[in-house]
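Right, here's the structure in full:
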């Protein structure tokens, strides 16, 4: 059934699966159908089950969920109830934390080859303090031409794409490691903790500490 359904879809297409197990079924069905992942079908799962995602062929990109943080909240509430304390009833929400990009979505899904080259360059150099001209130099067109083609393909500028990818990288390190802010700053090409803190707040509207407290496992 999945194979027939996949064959009927227009290509290229992106599929958002409810969990990693379902994403694995889709990837396996693509192999049976002779459909290429991610060139024809990009697949994104949920839960970041490493055993499922990393052992799939190709490895599956997935959204990590803040289940541990929610678990600690639930345990704290239960502890209060066991001790006879007045517990504040509240809804505990499991928030998505970040996307772990693996091969199943690792493609610049744009028809413009120069824009695709630019995107790949930004992704490859996301831990460096690259500028727009660095991206332009990786292509064969002028800055004005690339800027125009970039906006046509993605509806935002080269600078905005650099900023988006850098923030995604900061978030990944923030919620998946115990690195200090200073260590993350050095890893991501910032001068110091103050610089990365101002950069992150300007883009997201929240502080690094606040984001980590809300999304990272306790």
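Numbering (our numbering), first residue to last: 1304 to 1521.
Built from N, CA and C at the ideal position, the CB exists for glycine as well.
Cβ shell of residue 1470 (< 7 Å), same chain only, five flanking positions each side left out | The residue you call residue 1470 lines up with position 167 of the chain shown. Closer than 7 Å at the Cβ level, and outside the excluded window around residue 1470, lie 1503, 1506, 1507.
Identify, in the order they occur along the chain, each residue of the same chain with its Cβ nearer than 6 Å to the Cβ of residue 1332, setting aside the five sequence neighbours on each side.
-> Your numbering for residue 1332 matches position 29 in the chain shown. Contacts found: 1305, 1306, 1309.
Please state if the CB of residue 1346 and the CB of residue 1400 are separated by a distance shorter than 7 Å.
-> Looking up residue 1400 in the chain shown gives position 97. Looking up residue 1346 in the chain shown gives position 43. No; because the gap between Cβ atoms is not below 7 Å, this pair is not in contact.
Using 8 Å as the Cβ pair cut-off and three pairs as the minimum, do the region 1487-1503 and the region 1379-1396 touch?
-> no
Taking all protein chains shown into account, decide if residue 1365 is buried (16 or more other Cβ within 10 angstroms of its Cβ) or exposed.
-> What you label residue 1365 is simply residue 62 of the chain shown in a count that begins at 1. Per the 10 Å Cβ criterion, buried.
Straight-line gap, residue 1338 to residue 1386 (C-alpha atoms, nearest Å) = Residue numbering aside, residue 1338 sits at position 35 when the chain shown is read from its first letter. Residue numbering aside, residue 1386 sits at position 83 when the chain shown is read from its first letter. For residue 1338 and residue 1386, the distance between alpha carbons rounds to 57 Å.
Pick from 1437, 1383, 1478: whose alpha carbon is nearest that of residue 1391?
-> Here residue 1391 corresponds to residue number 88 of the chain shown, with the count starting at 1. Closest by alpha carbon: 1383.
8 Å CB neighbourhood of residue 1344 in its chain, flanking five on each side removed | Position 41 of the chain shown, counted from the start, is the residue given in the question as residue 1344. The answer, listed in chain order, is 1309, 1312, 1314, 1315, 1316, 1317, 1318, 1329, 1333, 1338.
In this structure, does DSSP put residue 1311 in helix, strand or coil?
-> As a first step, residue 1311 is located in the chain shown; it is residue number 8 there, counting from the start. The answer is helix: DSSP assigns residue 1311 an H, G or I state.
Inter-stretch contact (C-beta, 8 Å, three-pair minimum) for the region 1453-1468 and the region 1433-1440 = yes
In its own chain, which residues sit with a C-beta less than 6 Å from the C-beta of residue 1474, not counting the 5 before and 5 after it?
-> Start at 1 with the first residue of the chain shown, and residue 1474 comes out as number 171. Excluding positions up to five away in sequence, the list reads 1401.
Which residues mark the beginning and the end of the alpha helix (DSSP H) in which residue 1500 is found?
-> On the chain shown, position 197 is the one that residue 1500 refers to. Unbroken alpha helix (DSSP H) run through residue 1500: 1496-1507.
Secondary structure, beta strand (DSSP E): runs of 3+ residues fully inside the region 1373-1419 = 1399-1403
What are the start and end residues of the alpha helix (DSSP H) that includes residue 1336?
-> Within the chain shown, the letter at position 33 stands for residue 1336. Note, residue 1336: alpha helix (DSSP H), 1323-1336.
With DSSP collapsed to three states, give me the class of residue 1436.
-> Residue numbering aside, residue 1436 sits at position 133 when the chain shown is read from its first letter. Three-state result, residue 1436: helix.
State the Cα-Cα distance for the pair residue 1480 and residue 1410, rounded to the nearest angstrom.
-> In the chain shown, the residue the question calls residue 1480 occupies position 177. In the chain shown, the residue the question calls residue 1410 occupies position 107. Taking the straight line from one Cα to the other gives about 26 Å.
Looking at residue 1468 and the ligand MG, is the gap between the Cβ and the nearest heavy atom below 6 Å?
-> Summarising the ligand content, the structure contains no ligands, and the ligand MG is consequently not present.
To which residues does DSSP link residue 1366 through a beta bridge?
-> Residue numbering aside, residue 1366 sits at position 63 when the chain shown is read from its first letter. Looking at the DSSP assignment, residue 1366 forms a beta bridge with 1349, 1402.
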